[in-house]
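Chemist:
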Amino acid sequence: MTTPNPYPPAEPDCVQARQDAAVASMHDSVGLSVDGPATTMPGRSGSDSVQALHDPLMREQAEPRDGFEPVPFWVTVIFGALLTWGGYYLGTNSADFRRDVYDRSDLSGLSGPAVAVNLPDPDPQTVEDLKKIGAEVWTRAGCAGCHQANGQGNPGQNIPPLDGSEWVVGEQASAARLSRILLYGLTGPIQVKGRTYNGAMPNHGNRFKDYEIAAVLTYIRNNWSNKGDPDNAKPAITAAVVRAAREKEGGRKTNGTQTVTADELLKLPLDYRDLETAAEVKK
Amino acid sequence: MDRGMVIFVGALLTFSSSWLGLILFPYWQLNNEQPFQKDPTETPYPLPLQGLALAGKTVYQQNGCMYCHSQQVRSERFGNWWDEHGQMRTGADIKRGWGLRRTVSRDYIYDNPTMLGTMRTGPDLANVGVRYSEQWQHTHTFNPRAINQWSIMPSFAFLYTKERIVGERSAKALKLGREWTVNPGYRWRPTDREWEAILQQHGDSIRSRYRAEHGSDLDSPDSNQRLLEFWLTTEEEGYQIVPTAEAEALIAYLMALKKAEFPLPEAKE
Amino acid sequence: MAEPAATPRLTDRDRSAAERAAIDASCRGPVLYFTTSAVVWLLIGSLLALVASIKLHSPYFLTGSPELTFGRVRMAHLQAVAMGWSSMATVAACLWLMCRLSRAELVYPKLLYLSGTLWNVGVLVAVLGILLGDAQSVEWLDAPRYAPPFFVAGLGIVAAWVMAVFRRRQEPHVYVTQWYILAAVFWFPWLYLTTVFMIFWSPATGVVQPIVNWWFGHNVLGLWFTPVAVGTAYYLIPKIIGRPIHSYYLSIMGFWALALFYSWAGMHHLIGGPIPAWLATASTVGSMMMFIPVIAVAINHHMTMRGHFRRLKYSPALRFTVFGAIAYTWVSFQGSIEALKDFNEVVHFTHYTVAHAHLGVYGFVAMIFFGLYYYMIPRLTGREWVSPLLIRVHFWCAAVGITLYFVSLSIGGWWQGRMLNNPNIPFGRIIDYLLPYLYARSIAGVLLTVGHLAFATLFVMNLFGWGRLRSGPTYFVEPEETTPTPTTERAERELIPVR
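If you want it as structure tokens, here you go:
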């Protein structure tokens, strides 16, 4: 389709001549013959092409050029404010560009020990306190990853339930046994609620403190449908109990290389206690 | 600004400031970090990956695991929330159990490439070697939904082989019910018609097996459904899923990831 | 000039048009080669993106084969859209804009064909290599070991070419777009070579690698894509409207502030990570200082557009470009805030960052390049776009798609971050929470892909001359006036002096 050119060139073939010359000198007229796009391409005819190339070019504005409005004053103000803030922030949060300080607010920690080192470990003595810490340890240790958040375990994965488990609050439960399971880990088959589980309970004794193990054991004994410690003032498992279990086991490794087995646990009588003054585990 | 030389020199100077400040200077500061050894009798930390774990690192790299899993634990002061008493607390990464402390540059000196990661579509893995057993890792990698229903992690069943059992079941075979192994990487359920057929053929043995494991018969209205659920958790007869060498390597690598365990003097949090 | 050229001489206008015709004719082959390759990679990248997005909320989708596992598809997607689509569109912009603004014809076309071929081979090798299992798991540089030589060679040719054309320039004044192009083709090879050297050829120890990696990754965005895209907007907006750009001084301020500050911002990807505190601080400051150039550019564009916003109703090139320019302001402001430590604590590692990244590379860079295509391609092929309907489909799919993408992942990502920071919330709950946002992102992806298909259709039809021939520009909607060309008097008045 041709449109009448509103700007007829002064010389009839001015544009076409330049176009021809440009194309001829290119040595690589991709699909572009002197008449424009090759006539073999569908939908195009040669003589229209220059005209068509002409149209967009003729209606184009001039190439862009610069105006010279001044920079608004408020931009300079913002720039200055940002530079000031930037300098201040860089100065106060760079820890003297040290390579061994990772937290930008940690300048005070350079000369002193870490904050928590000198504080003594907590030693909760009530079921409520132990449960509270135990819930946190439960999350931190990722117990729900295997035993599930509802304590039902995963039979297909050889992970026994904790809710209603006889080893937690039933006829097989004792502080001594539970402490050892957590401290050293448990491998080999174990019967829980009428089903055999042959999995691998990881060790936790080298990564958790005694009060944390006592806390999480109290938590599972008093969570879901378990009611292991009815008397708030008399928890069956405290930090002292777990510590006594460690001592009784001597140098037994808590890194998973010396796990307990169910047989070994069964050999521990139910009324055996590592710590004589510990409260008895309710059946 | 009509002179190319002005543009060139300006671009050179501005850019080289960052090149000096963010590349050369940190290189000078951090490139020669040595492992930590309190005294000569202790093993230095960290140690380079070796053998199977090193091969596993390549599997991790080639499958783009880094793009969902980070490998850096943030400090005790990072990540705040408000607990049930309305008190602000910090240190979410550590409290989640992703590490005993924050990770520092020394933890990565033997990593090549250093896959810190910038997405936590999945949990952080810097310290995953202490959290799960090898068996868990294999099962999870094979089909994550066998362990966590909510997981969106892809199934890596192509790293495992389903083979006929010849002789005894392999010690390395994954312990999975048939719903996970009939169609590796997916979760299988028989159609109603298929279940009917299976019940006709094997119903008695399934029921007696149920009785043996649970000690009682099924006698509730949905016993058929519950029998199906039970049957799906039993292992598929005659087949086992075993890890390929790649899977063993990958899991060895994951078990070797213990970047936030060993106490380092510069990791004060 | 002592005497204003009051009476417009038609030969002046003719001659400048003739000059531009010659320039466009000389550019035709190589620029079309790069633009066509870019569109092909856009389609491939969109497909890979859709697959990756669906896999995130439906993990059983295509989970059987190793080649299509999420990690690999995600890495291949990035290579296809970053090195394929975006980079090749960037090179096409560099070629055409440098020629136009220098008023010099394109030289050494064969070298450019070589460069384009090398680049295409490089991207192909990267994408296939990643899917087949050779990826490197280095952000933005996942391509296997054998791919970088292709990029280095292709890029080197383009950089040398830009210098060659610049030296041949007929136009004594160097416009702001040319500064950006010159700087970009100088910076990107330096970035690429340093990073490939320090991560692959002579690997640095430990965390030095991610430090170099994110210096590179962030600067690909800020010192390769951004300058050329901003330069393109600086060209198209005043050009289409026919006014000068608002302030030369703001252009200077914007350019040098970008050059100085942008390259320092890279470490904001590692805030809270195992890097020394001063690195994170330096990048926070660099990122915040980016307000300066972004404000300067925004004022320039806005004040040039002022009074002419009604043209957005008609011109596709202008509308895409202005959308991109507004997105630039928005994404840069967002990025500066995101680099502040307290904000970063929440959104680091989340989908919020993914939303931000896509607003940048798509909402800003891609939209401006779409605008460039709509303007440039008819001038190269000599044919107008055949279908306003397809242009409307493209625009609305792109605009709605990227908005949906950004909004859904920003909201989801923010709450994901808050929940990640609360250890009492189990991880599973976070995943369950995110699912609807991930579905929304897939829907956005489908919209974007439909837009790309419309765009590719238009492009192919224009390239081969299919469809009904049109005369006059293809607008979104036809304007009320019968003659679509601008008023003659204004056009004549703004002639540049012809030699």
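From first to last, the protein sequence lines stand for chains G, V and D.
So in our numbering, spot 222 of the first sequence is number 449, and the numbers just go up one at a time.
So in our numbering, spot 217 of the second sequence is number 403, and the numbers just go up one at a time.
So in our numbering, spot 143 of the third sequence is number 879, and the numbers just go up one at a time.
Don't be surprised by glycine CBs; every beta carbon is placed ideally from N, CA and C.
These figures come from a predicted structure and were not determined experimentally.
#1: Alpha carbon to alpha carbon, how far is TYR844(D) from TRP897(D)? Give it in angstroms, no decimals.
#2: Can you grab the Cα-Cα spacing for the pair ILE1062(D) / ARG881(D), in whole Å?
#3: Going by alpha carbons, who is nearest to PRO309(V) out of LEU286(V), MET339(V), PHE194(V) and PRO299(V)?
#4: Pick helix, strand or coil for GLU382(V), following the three-state DSSP scheme.
#5: Whose C-alpha, out of PRO449(V), GLU452(V) and ALA433(V), is nearest the C-alpha of LYS243(V)?
#6: When the Cα atoms are used, what is the spatial distance from ASN329(V) to PHE342(V)?
#7: Looking at C-alpha atoms only, which residue of TYR1111(D), VAL901(D), ILE1011(D) and PRO884(D) is the closest neighbour of VAL943(D)?
#8: Does any CB atom of chain D fall closer than 8 Å to the CB of ASN217(V)?
#9: Could you list which residues in chain D have their beta carbon closer than 7 Å to that of ASN320(G), in chain order?
#10: Would a C-beta distance cut-off of 8 Å place GLU219(V) and SER291(V) closer than the cut-off?
#11: With a threshold of 7 Å, establish whether the CB of ASN1160(D) neighbours any heavy atom of the ligand GTP.
#12: For LEU850(D) and PRO766(D), what's the separation of their Cα atoms in angstroms?
#13: Determine the extent of the beta strand (DSSP E) in which THR968(D) is found, giving its start and end residues.
#14: Along the chain, where does the beta strand (DSSP E) that runs through LYS475(G) open and close?
#15: Cβ of PHE295(G) less than 8 Å from any chain V Cβ?
#16: In chain order, which alpha helix (DSSP H) runs of at least 4 residues are fully inside the region 818-900 of chain D?
#17: How would you label LEU210(V), buried or exposed, when you count the other beta carbons within 10 angstroms and need 16 or more for buried?
#18: Quick check on the burial criterion: 16 or more other C-beta atoms within 10 angstroms. Buried or exposed for PHE1131(D)?
#19: Name the DSSP bridge partner or partners of TYR231(V)?
#20: Measure the C-alpha to C-alpha separation of SER260(G) and TRP832(D) and round it to an integer number of angstroms.
#21: By a C-beta neighbour count over all protein chains shown, 10 Å radius and 16 as the cutoff for buried, is GLN386(V) buried or exposed?
#22: Could one say the Cβ of ILE437(V) lies closer than 8 Å to chain D's Cβ atoms, at least one of them?
#23: With 8 Å as the threshold, decide whether the Cβ of TYR984(D) is near any Cβ in chain G.
#24: For ARG543(G), list the residues DSSP reports as bridge partners.
#25: At a Cβ cut of 9 Å, what residues of the region 866-885 of chain D count as close to chain V, listed as they run along the chain?
#26: Tell me which residues share the same chain as GLU474(G) and place their Cβ nearer than 6 Å to its Cβ, disregarding the 5 neighbours each side in the sequence.
#27: Could you give the C-beta distance for PRO511(G) and SER319(V), rounded to a whole number, given that I count them as a contact under 8 Å?
#28: Reducing DSSP to helix, strand and coil, say where GLN399(G) ends up.
#29: Assign ARG350(V) to one of three DSSP states: helix, strand, or coil.
#30: Who are the neighbours of ARG282(V) on chain G, taking C-beta pairs under 9 Å?
#31: Quick one: what's got a C-beta closer than 8 Å to ILE437(V)'s C-beta in the same chain, skipping five residues either side?
#32: Do ASN1157(D) and GLU1081(D) come within 8 Å of each other at the CB atom, strictly closer than that value?
#33: Three-state secondary structure (DSSP) at PRO1124(D)?
#34: Can you tell which of ARG839(D), TYR1141(D) and SER873(D) has the C-alpha that lies nearest to the C-alpha of SER1178(D)?
#35: In chain V, which residues lie less than 7 Å from ARG326(G) when you measure between Cβ atoms?
#36: Any beta carbon of chain D sitting closer than 8 Å to that of ALA376(G)?
Modeler: In brief:
#1: If I take the Cα positions, the gap works out to 8 Å.
#2: Here the alpha carbons of ARG881(D) and ILE1062(D) stand approximately 38 Å from one another.
#3: The shortest C-alpha to C-alpha distance from PRO309(V) to any of LEU286(V), MET339(V), PHE194(V) and PRO299(V) is the one to MET339(V).
#4: In the three-state scheme derived from DSSP, where H, G and I count as helix and E and B as strand, GLU382(V) is classed as helix.
#5: Nearest of PRO449(V), GLU452(V) and ALA433(V) to LYS243(V), Cα basis: ALA433(V).
#6: ASN329(V) and PHE342(V): Cα-Cα distance of roughly 6 Å.
#7: Selected option, being the one with the closest Cα: ILE1011(D).
#8: Taking CB atoms only, ASN217(V) has a neighbour in chain D less than 8 Å away.
#9: Neighbours of ASN320(G) on chain D, chain order: ALA1013 and THR1017.
#10: Yes, the Cβ-Cβ distance between GLU219(V) and SER291(V) is below 8 Å.
#11: Judged by which ligands are present, the structure shown has none, so any question about the ligand GTP falls away.
#12: Rounded to whole angstroms, LEU850(D) and PRO766(D) show a C-alpha spacing of 10 Å.
#13: For THR968(D), there is no enclosing beta strand (DSSP E); the enclosing alpha helix (DSSP H) covers residues 962-977.
#14: The continuous stretches of beta strand (DSSP E) do not include LYS475(G), which lies in the alpha helix (DSSP H) extending over residues 466-475.
#15: Not one chain V Cβ lies under 8 Å of PHE295(G).
#16: Annotation note: the region 818-900 of chain D contains the following uninterrupted alpha helix (DSSP H) runs of length 4 or greater, listed N- to C-terminal: 823-838 and 845-867.
#17: In this structure LEU210(V) is exposed. Its beta-carbon is surrounded by fewer than 16 other beta-carbon atoms within 10 angstroms.
#18: The residue in question, PHE1131(D), is buried, as its Cβ has 16 or more Cβ neighbours within 10 Å.
#19: Looking at the DSSP assignment, TYR231(V) forms a beta bridge with PHE222(V).
#20: Residue confidence for SER260(G) is low, a pLDDT of 36 falling below 50, so the modelled location carries little weight; the figure read from the coordinates is stated next. For the pair SER260(G) and TRP832(D), the Cα-to-Cα distance works out to about 21 Å.
#21: In this structure GLN386(V) is exposed. Its beta-carbon is surrounded by fewer than 16 other beta-carbon atoms within 10 angstroms.
#22: With 8 Å as the cut-off, ILE437(V) does not count as an interface residue toward chain D.
#23: So yes, TYR984(D) belongs to the interface.
#24: Shown here, chain G extends from 228 to 510; a query on residue 543(G) therefore has no answer.
#25: Cβ proximity to chain V below 9 Å picks out ILE866, GLY869, ASP870, ALA871, GLN872, SER873, VAL874, GLU875 and ASP878 from the region 866-885 of chain D.
#26: Excluding residues within five positions, none has a Cβ falling inside 6 Å.
#27: In the structure as shown, chain G starts at 228 and stops at 510, and residue 511(G) therefore has no counterpart that could be examined.
#28: DSSP places GLN399(G) in coil when its eight states are reduced to three.
#29: Residue state for ARG350(V) is assigned as strand, using DSSP reduced to three classes.
#30: The answer, in chain order, is THR366, ARG367 and GLY369.
#31: So the qualifying residues of the chain are GLY242, GLU320, GLN323, HIS324, THR327 and PRO429.
#32: Between GLU1081(D) and ASN1157(D), the gap from beta carbon to beta carbon is short of 8 Å.
#33: The answer is helix: DSSP assigns PRO1124(D) an H, G or I state.
#34: Its Cα nearest to that of SER1178(D), the residue TYR1141(D) stands out among ARG839(D), TYR1141(D) and SER873(D).
#35: Within 7 Å Cβ-Cβ: GLN215 and LEU216.
#36: Cβ-Cβ to chain D under 8 Å: yes for ALA376(G).
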